[in-house]
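J.: Just so we're aligned: the sequence shown equals residues 1121 to 1663 in the numbering used here.
After the structure tokens below, expect a handful of questions from me.
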Amino acid sequence: MSGFEVAGVVLGSVPLLISAMEHYRDGLDPVKAFLRYQDELNRALRDLRALHTSLAMTLEYILKQVAGQDEVIDMMSDYRQQMWKSNELETSLRSLLKDAYDDYIDILGDVESDLKALASKLQGLDRWSGTSDELKAIIVANPPSSSNTTMRPSYEFKARLKFAMRKKKIVELIERIKKRTTELEALISKVERRGQWTTWKSSLSSSLVEISERATTLHQVLSRAWSCSSKGPHHVRLFLEHRMVRKQLKAKLGNKNSTDFRISLRTPSAPSSWHGAEVKVEEKEICGSKMRFEEDKHADTNEIAKLEEMSNLCSIFCREAHTMDCYGLAVDSKGKLRGVYIAVNPRSHVSSRLFNLDDLLFPSPKAILHSTLKGRSRYLLAITLASSFLQLHGTPWLSLHWDRDQIFFLEHGKENDLRVDVEHPFVVQSYLRHHGGPNFTFGDQAELQAEFVQNDDTGDGRRMNGAVEAIGALTLSRWMKQEKDELSYAWTDAVQHCIDCSVNADTDLQDLNQRENILNQVVMPLLEEMYSCYHQRGPLRDL
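This is how it looks when you write it as structure tokens:
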């Protein structure tokens, strides 16, 4: 047995050994049991239960640093999961624990040896003949009769068991196991205190440059996709997405050669109707390339090629009758618009009332506003806006002044209980006017992050004392010192990093490396803190 697989074997064998020893104890005559073991057998069982609890907690904790939540649950409930043996797991844990990894495996190996000694003295316990490893043999031959991730599994034994270990030997063995359990806990604690949790668990679904290029392509295609005679503007809403996904040990197949954007459109001929659409934008074909490998083509690419080429959108959206709740469109690798197919609309908005970010953060006392900008929603919105700023910087989607009053929200829910949909913000483009480059600064971003903190779970919507209105980095720094006891680590670091960028003359958002660094220092810590606080499961894109 090699690598981290030993952890799964140890974790799987402890509850089986506990159950077997309890079965043996319960079959003993009480007087004989006392004369033979006094209370040492019961103490051994208590210590083994403590070992299992401690081992499970430390293993789950470090696995959460490198694996998805669903993967952790699967591994913790079944040692036979192939992920215990995966090279990806070992590589990720070596990166996480660094020089402590080998020590951790050595301690687990010592625990494994002690458990093997214990198992060898249990007579009558079924053993699988397919391996010479003592622990693997009993685990395979004695599957649990029931399994629950919140408690130890239970087992049933066909025959009466015998335990051929003397009291003195039991005491020595359990003392060694207790010592090694303490060593495991201390080792993980030291590694964490040294600040070695440097392997981020999340990343963008595509790179910043890919998303930015495809967002620009989408804007360009839409700008020339209108041909009706109306002189009024065609409005397009682009819904903002953080596009963060949790890293998984088993990578899920997906198309990295395209990016999906969610939009809604309104035409001058039907100004009261907004129509939802999903647009899949393919990676641009490289000019001058004479060779394309067949295996590089994704199934999505072939499906897009089958769609009809479109010269304009007015033929679809400028008519009164609409047959789809959400239209599927695509921009192929040559920049051609294609469609349509039926797409799934992830959220239905039953009200046309618009709210902007200013309304949410600082609502008027007279405003009728049902906002849920608390807890998880507050984290998620801050993450979405910061990530979108980095994705869309330098694209036409960010207008000259991307401010709180230009980030919009709709309502969703039942008609008698409408709430602002804070998880789906959007920006609006009108295709009749030219937009300059984005003028949203890091001072603005720092203020915005601070305002999210200020709009805490009390929801009182208080503005910072002067910080929003003007004086910039100095005022924000003073405000942070005043509020330091109320700020979490991730919020503090996010605001401080934005302040530092705003006063650094070398900050250049055209530099992709700087934008990647900002993503790591602002977005990811907030995302991981949200994940930790609110115990989200599954890919974060599904939140």
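Just so you know, even glycine gets a beta-carbon here, dropped at the ideal spot from N, CA and C.
No experiment lies behind these values; they were computed from the predicted model shown.
State the beta-bridge partners of Gly1459 as determined by DSSP.
T.: According to DSSP, Gly1459 bridges with Glu1428 and Leu1449.
J.: Which full runs of the alpha helix (DSSP H) of 4+ residues lie inside the segment 1186-1250, going along the chain?
T.: The segment 1186-1250 contains these whole alpha helix (DSSP H) runs: 1189-1197, 1207-1217 and 1220-1240.
J.: Glu1423: which of Asp1452, Tyr1199 and Gly1250 sits nearest, CA to CA?
T.: When each option's Cα is compared against that of Glu1423, the closest is Asp1452.
J.: Since Ser1139 and Glu1305 should fall inside the 8 Å C-beta cutoff, what is the C-beta to C-beta distance between them, to a whole number of angstroms?
T.: No, Ser1139 and Glu1305 are not in contact; Cβ-Cβ is about 24 Å, not under 8 Å.
J.: Let's see if you can read the secondary structure: which residues bound the beta strand (DSSP E) around Phe1359?
T.: Counting along the chain, the beta strand (DSSP E) containing Phe1359 begins and ends at His1355 to Phe1359.
J.: Going by C-alpha distance, which of Gly1396, Leu1217, Ser1332 and Glu1333 is nearest Arg1313?
T.: It is Leu1217.
J.: What are the residues that DSSP puts in a beta bridge with Asn1476?
T.: According to DSSP, which records beta bridges pairwise, Asn1476 is partnered with Phe1528.
J.: Taking the beta strand (DSSP E) that Phe1546 belongs to, which residues open and close that run?
T.: From DSSP, the beta strand (DSSP E) with Phe1546 extends over Phe1546 to Ser1550.
J.: Could you pull out every residue in the same chain whose Cβ sits closer than 7 Å to the Cβ of Thr1515, ignoring the five residues on either side in sequence?
T.: Cβ neighbours of Thr1515 beyond the five flanking positions: Ser1332, Ala1335, Thr1336 and His1339.
J.: If you follow the alpha helix (DSSP H) that Leu1171 is part of, which residue opens it and which one closes it?
T.: Unbroken alpha helix (DSSP H) run through Leu1171: Glu1160 to Leu1183.
J.: Would you decide whether Met1177 is buried or exposed? Buried here means 16 or more other CB atoms lie within 10 Å of its CB.
T.: The residue is exposed, with fewer than 16 neighbouring Cβ atoms inside 10 Å.
J.: Here's a check: name, in chain order, each residue in its chain whose Cβ is nearer than 6 Å to the Cβ of Arg1247, leaving out the five neighbours to either side.
T.: Ala1257, Ile1258 and Ala1261, listed in sequence order.
J.: From the DSSP secondary-structure annotation, give me the bridge partner or partners of Phe1381.
T.: Paired residues: Val1399.
J.: In whole angstroms, what separates the C-alpha of Leu1457 from that of Gln1602?
T.: Their Cα atoms are separated by approximately 53 Å.
J.: Under the assumption that Val1643 contacts Cys1618 (Cβ atoms under 8 Å), give the Cβ distance between them as a whole number of angstroms.
T.: 11 Å between Cβ atoms; not a contact.
J.: Would you kindly report the start and end of the unbroken alpha helix (DSSP H) that includes Glu1333?
T.: Where Glu1333 is concerned, the enclosing alpha helix (DSSP H) stretches over Leu1328 to Ser1343.
J.: With H, G and I counted as helix, E and B as strand and the rest as coil, what does DSSP make of Thr1387?
T.: Strand.
J.: Please list the terminal residues of the continuous alpha helix (DSSP H) segment that includes Ala1610.
T.: Residues Tyr1609 to Val1623.
J.: Between which two residues does the alpha helix (DSSP H) carrying Ser1139 extend?
T.: Taken as a continuous stretch (DSSP letters only), the alpha helix (DSSP H) holding Ser1139 covers Glu1125 to Asp1146.
J.: On the three-state DSSP scale, how would you describe Leu1568?
T.: Here Leu1568 sits in helix by DSSP.
J.: Nearest-angstrom Cα distance between Ser1212 and Phe1283?
T.: Cα to Cα, Ser1212 sits roughly 40 Å from Phe1283.
J.: In the structure shown, what three-state DSSP assignment does Leu1324 receive?
T.: Three-state result, Leu1324: strand.
J.: Need the endpoints of the alpha helix (DSSP H) that Arg1506 sits in, please.
T.: Before going further, note that residue 1506 is Ala rather than Arg in the sequence given. Counting along the chain, the alpha helix (DSSP H) containing Ala1506 begins and ends at Gly1495 to Leu1512.
J.: Take every Cβ of the segment 1234-1252, pair it with every Cβ of the segment 1289-1305, and state whether three or more of those distances are shorter than 8 Å.
T.: In short, these stretches touch, since the Cβ pair count reaches three.
J.: Report yes if the C-beta distance between Ala1665 and Asn1432 is below 9 Å; otherwise report no.
T.: As shown, the chain starts at 1121 and ends at 1663. That puts residue 1665 outside it, with no answer to give.
J.: For Arg1473, count neighbouring C-beta atoms within 10 Å of its own C-beta (all shown protein chains included) and say buried if the count is 16 or more, exposed if not.
T.: It is exposed - the Cβ of Arg1473 has fewer than 16 other Cβ atoms within 10 Å.
J.: Whose C-alpha, out of Gly1188, Ala1164 and Gly1123, is nearest the C-alpha of Ser1652?
T.: Residue Gly1188 is the option with its Cα nearest to Ser1652.
J.: Can you tell me the Cα-Cα spacing of Ser1215 and Asp1230, whole angstroms?
T.: Those two C-alpha atoms are separated by around 23 Å.
J.: Residues in the same chain with beta-carbon distance under 7 Å from Leu1137, minus the five sequence neighbours each way, listed in chain order, please.
T.: Taken in chain order, the residues that qualify are Leu1168, Leu1235, Leu1238 and Ala1239.
J.: Should Glu1125 be labelled buried (16 or more other beta-carbon atoms within 10 Å of its own) or exposed?
T.: Classification for Glu1125: buried.
J.: Distance check for Ala1127 and Gln1569, CA to CA, integer angstroms please.
T.: Taking the straight line joining both Cα atoms gives about 41 Å.
J.: I need the straight-line Cα distance from Ile1182 to Ser1206, nearest angstrom please.
T.: Taking the straight line joining both Cα atoms gives about 16 Å.
J.: For a test of the three-state rule: what should DSSP assign to Phe1482, helix, strand or coil?
T.: DSSP places Phe1482 in coil when its eight states are reduced to three.
J.: What do you reckon, are the CB atoms on Leu1324 and Tyr1499 nearer than 9 Å?
T.: Cβ distance not < 9 Å, so Leu1324 and Tyr1499 don't count as in contact.
J.: Rounded to a whole number of angstroms, what is the C-alpha to C-alpha distance between Glu1210 and Asn1476?
T.: Rounded to the nearest angstrom, the two C-alpha atoms are 47 Å apart.
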